[in-house]
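J.: Protein sequence lines correspond, in order, to chains A and B. Counting with my numbering, you get residues 61 to 396 for the letters of the first sequence. Counting with my numbering, you get residues 111 to 362 for the letters of the second sequence. Using N, Cα and C, we set each Cβ at its ideal position, and we do this for glycine too.
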Amino acid sequence: MENKRIERIDRGIKVRTEGIYSIVSMREMMYIAGPRIIFLGILFLLPLILEAAPYWKRVMNIMFIYSLLAISFDFLANYTGLVCLGGAFFIGIGGYATAILNSVLHIPVLLSIPLAAIIGAVVCTLLLLPCLQLRGVYFAIITLMFPLLFTRVIEATNILGGTNGITGLESIPGHFTENYYIMIVALIALFGLRRFVNLDAGLVMRGVKDNEQSIRASGINVTWMKTQAVFISSLIGCFGGAYLAHLYVWAGLSLFALDFSIIPIAAVAIGGGGTIFGAIAGSFILVPLSEFLRFFGSFRIVLYCIILTAFIVFKSEGIMTYITRKYHQFERWVDV
Amino acid sequence: MSILTVDGISKTFKGLKALISVSFDVKEGEIYGIIGPNGSGKTTLINCITGFVKYDSGNVFFKGKNISKWPPHKIARAGVTRTFQIMRPYYSLPAYKNLIIPLWAPRARKLGGWRGGGKHGDRNTVAVDILEELGFERDSRVPYKPASALPTGYLKRLELARCIAMRPEIILCDEIFSGLSVSEIAGLMPLIEKLKIEGITLIMVEHRLKELFQVADRVMALAFGEKIAEGKSYEVIEDSRVKEAYLGSEEV
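#1: Whose CA, out of A:N63, A:K74 and A:F99, lies closest to the CA of L247 of chain A?
#2: Can the beta-carbon of I131 of chain A be found less than 8 Å from the beta-carbon of I296 of chain A?
#3: Along the stretch 260-271 of chain A, what residues have a CB closer than 9 Å to any CB found in chain B?
#4: Report yes or no: do the stretch 211-218 of chain B and the stretch 276-289 of chain A share at least 3 C-beta pairs separated by less than 8 Å?
#5: Is E269 of chain B near I280 of chain B, with beta carbons less than 8 Å apart?
#6: If you drop the 5 nearest sequence neighbours on each side, which residues of the same chain put their C-beta closer than 7 Å to that of K286 of chain A?
#7: Taking 8 Å as the threshold (beta carbon to beta carbon), is P216 of chain B in contact with chain A?
#8: What are the boundary residues of the beta strand (DSSP E) that S167 of chain B is part of?
#9: Name the residue from A:A93, A:G146 and A:D319 whose alpha carbon lies nearest to the alpha carbon of S293 of chain A.
#10: Could you spell out the range, first to last residue, of the alpha helix (DSSP H) harbouring M243 of chain A?
#11: Where are the beta strand (DSSP E) runs, 3 residues long or more, that stay fully inside the stretch 269-320 of chain B, in chain order?
#12: Are there 16 or more other CB atoms within 10 angstroms of the CB of W310 of chain A, so buried, or fewer, so exposed?
#13: Given that H317 of chain B touches chain A, what residues does it touch there, using C-beta distances under 9 Å?
#14: Out of curiosity, what's the CA-to-CA distance linking L260 of chain B and M86 of chain A?
#15: Buried or exposed: which applies to S291 of chain B, given that a residue is buried once 16 or more other Cβ atoms fall within 10 Å of its Cβ?
#16: If we cut at 8 Å on Cβ distances, does I280 of chain B have a partner in chain A?
#17: Quick one: is T235 of chain B buried, meaning 16 or more other Cβ sit within 10 Å of its Cβ, or exposed?
#18: At a Cβ threshold of 8 Å, is Y201 of chain B touching chain A?
#19: Can you pull the DSSP bridge partners for A311 of chain A?
#20: Note down, in chain order, all residues in the stretch 272-289 of chain A with a beta-carbon under 8 Å from any beta-carbon belonging to chain B.
#21: Looking only at its chain, what residues have a beta carbon closer than 6 Å to the beta carbon of R233 of chain B, apart from the 5 residues adjacent to it on each side?
#22: Considering Cα atoms alone, identify which of B:N169, B:R198, B:I307 and B:M330 is closest to K121 of chain B.
#23: Please work out which residues of its chain come closer than 6 Å, Cβ to Cβ, to S258 of chain B, disregarding the five sequence neighbours upstream and downstream, and give them in chain order.
#24: At a Cβ threshold of 8 Å, is I384 of chain B touching chain A?
#25: Can a CB atom of chain A be found closer than 8 Å to the CB of A186 of chain B?
#26: Classify Y254 of chain B as buried or exposed, calling it buried when 16 or more other Cβ atoms lie within 10 Å of its own Cβ.
#27: Look at the Cβ atom of G378 of chain A, then the Cβ atom of I330 of chain A, and state whether they are nearer than 8 Å.
#28: Which class does W393 of chain A belong to by DSSP, given the choice of helix, strand or coil?
#29: Please look up how many angstroms separate the CB atoms of R277 of chain B and G223 of chain B, rounded, as I've assumed it's under 8 Å.
#30: For K175 of chain B, would you say it is in contact with chain A, using Cβ-to-Cβ distances shorter than 8 Å as the test?
#31: Closest to Y303 of chain A by CA distance: which of A:I219, A:N63, A:A137 and A:L170 is it?
#32: Report all residues from its chain with a CB closer than 7 Å to the CB of A327 of chain A; omit the five preceding and five following residues, and keep chain order.
#33: Any contact of the stretch 344-359 of chain B with the stretch 321-336 of chain B, i.e. 3+ C-beta pairs under 8 Å?
#34: What are the residues in the stretch 237-250 of chain B lying within 7 Å of chain A by C-beta distance?
#35: For I322 of chain A, which option in A:D270, A:H388 and A:A200 has the closest C-alpha, if you only look at C-alpha atoms?
#36: Let me know the secondary structure DSSP gives S359 of chain B once reduced to three states.
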């Protein structure tokens, strides 16, 4: 083995499907569409299958909320260069916004969730606006601070229901609406963002990550581009928060819990950063895993950490990156 | 007619006087060279004009408008662009995708950019066209390679391409000849002349005097932040203060 190395070569079909020729044969079309169709098919059947286990249907909803957070983190970190630990911030603002809309202003639930997402996104963007000059770890620390700040402010001033939170939110009506509502939004976010980052406007955002000075030298306002990115990202996050509040029929301080900031990052690390799909894959592994491990009682966190570490040590590139590579390329040992 | 007037710019970095009341005029369509030994403030001057560095006093007028307090993106939008001495491409993007960003920029979308590519037609196609004009071989894989895999010569061309994609009025070239071999410079020279024919004003900061003097209409010399000479290239290089700045003085 000493004088050999792995050579990776693109599969012929991958090269063929890159151009317009991909539409000439069924096989090539299936090469592109197949994985997506299988993924969507399983996803849409999942609520029907899990009908037998109502508890797991609930876990599925939580899974999608974490997916949304992970997508928003992945987009902001790997396509705009802003490492944002503000998952809890988005969830909290979205949750409280829908609580006010629904329980005080009596707006019906299916309307109040998207409305709260938009209002929450505006609030989050405005609050993060002064911090957009910061980069890397400094931006991360500031965004981590915001949920803590809000918790303390609500505790101290007793506004928004204080430590009791706001109760009396409507639950989401309908048997399957609850599942499909969040699922479809997550899918829109996934496929929408995957398309957006390859548009010209998306390329500019990737340019912001690469180097800001050149963007400025091209006459583009960097802060405005970042503002747009933060808005998109917090819109996705706040939607998750608003949905979660209606799932619990309660908006309280636990919406600002640190889990919402940390677990999405772990999900992106496992799934593979910069793929956006990896964010969903990661949370589909992490959230059910955490539920499975309840069986082990207080030993749960230890096992959770071991599995997480194993993923990061042995598949540090991320599951999605690994699977994509295997799908598009074959490997062989060649002499050096 | 002067297109850019720099009026007494001064800049200090915590007590270090980087620029001391530098003034000059650039006429429309000319190639204006700025020379000077290391640390004489050439790059600082470019940074000041394009708004990347805030200066202490003085004004910059572009076509009669005072652009001194404008942020860099607004100055670039007006048509004053720059290249960077240390190349700053978008390393993760393929070379031609690097040009999508200036073609998408507000100036190119409003005025059309180079050959109208920002407004009409497919930006990908136009980007490859621009690269071809700047010496990237269209049929090779070079324009499609990620910028991180390109050699210095191509990156310098890419810097220039990123500027001209916006169809600017003035390009401030910060040492585009540095780090290139003689043959690579020889390849760039026709490009510079082509830009002049297109009516773009060029301000070139340069260490390679011989090559600069071939193209420059007028030259200015800086030393320790002060303007010490200005005029035709052969006049400037014969100036005693320029000789002193470059070669040192015999008097102790």
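T.: Working from what's here:
#1: A:F99
#2: yes
#3: Listed in sequence order: D260, A261, L263, V264, R266, G267, K269, D270 and N271.
#4: These segments touch.
#5: no
#6: Counting only Cβ-Cβ distances below 7 Å, and skipping sequence neighbours, we find T140, L142, L192 and V268.
#7: yes
#8: Judged by DSSP secondary structure, S167 of chain B falls within the beta strand (DSSP E) whose first and last residues are S167 to F172.
#9: A:G146
#10: T237 to F256
#11: 280-284 and 311-315
#12: buried
#13: Neighbours of H317 of chain B on chain A: none; closest Cβ ~21 Å, over 9 Å.
#14: 38 Å
#15: exposed
#16: no
#17: exposed
#18: yes
#19: A:I226
#20: Q273, S274, I275, R276, A277, S278, G279, I280, N281 and V282
#21: By the criterion of a C-beta distance shorter than 6 Å, R233 of chain B is surrounded in its chain by I210 and L213, once the five residues flanking it on both sides are discounted.
#22: The shortest C-alpha separation from K121 of chain B is found at B:N169.
#23: Same-chain partners within the cutoff: Y201.
#24: Residue 384 of chain B is absent from the model: chain B starts at 111 and stops at 362.
#25: yes
#26: exposed
#27: yes
#28: strand
#29: 5 Å
#30: no
#31: A:L170
#32: Y126, A130, A339, G342, S343 and L346
#33: yes
#34: Cβ contacts with chain A come from no residue of the stretch 237-250 of chain B.
#35: Ranking A:D270, A:H388 and A:A200 by Cα distance to I322 of chain A puts A:A200 first.
#36: In this structure, S359 of chain B counts as coil in the three-state DSSP scheme.
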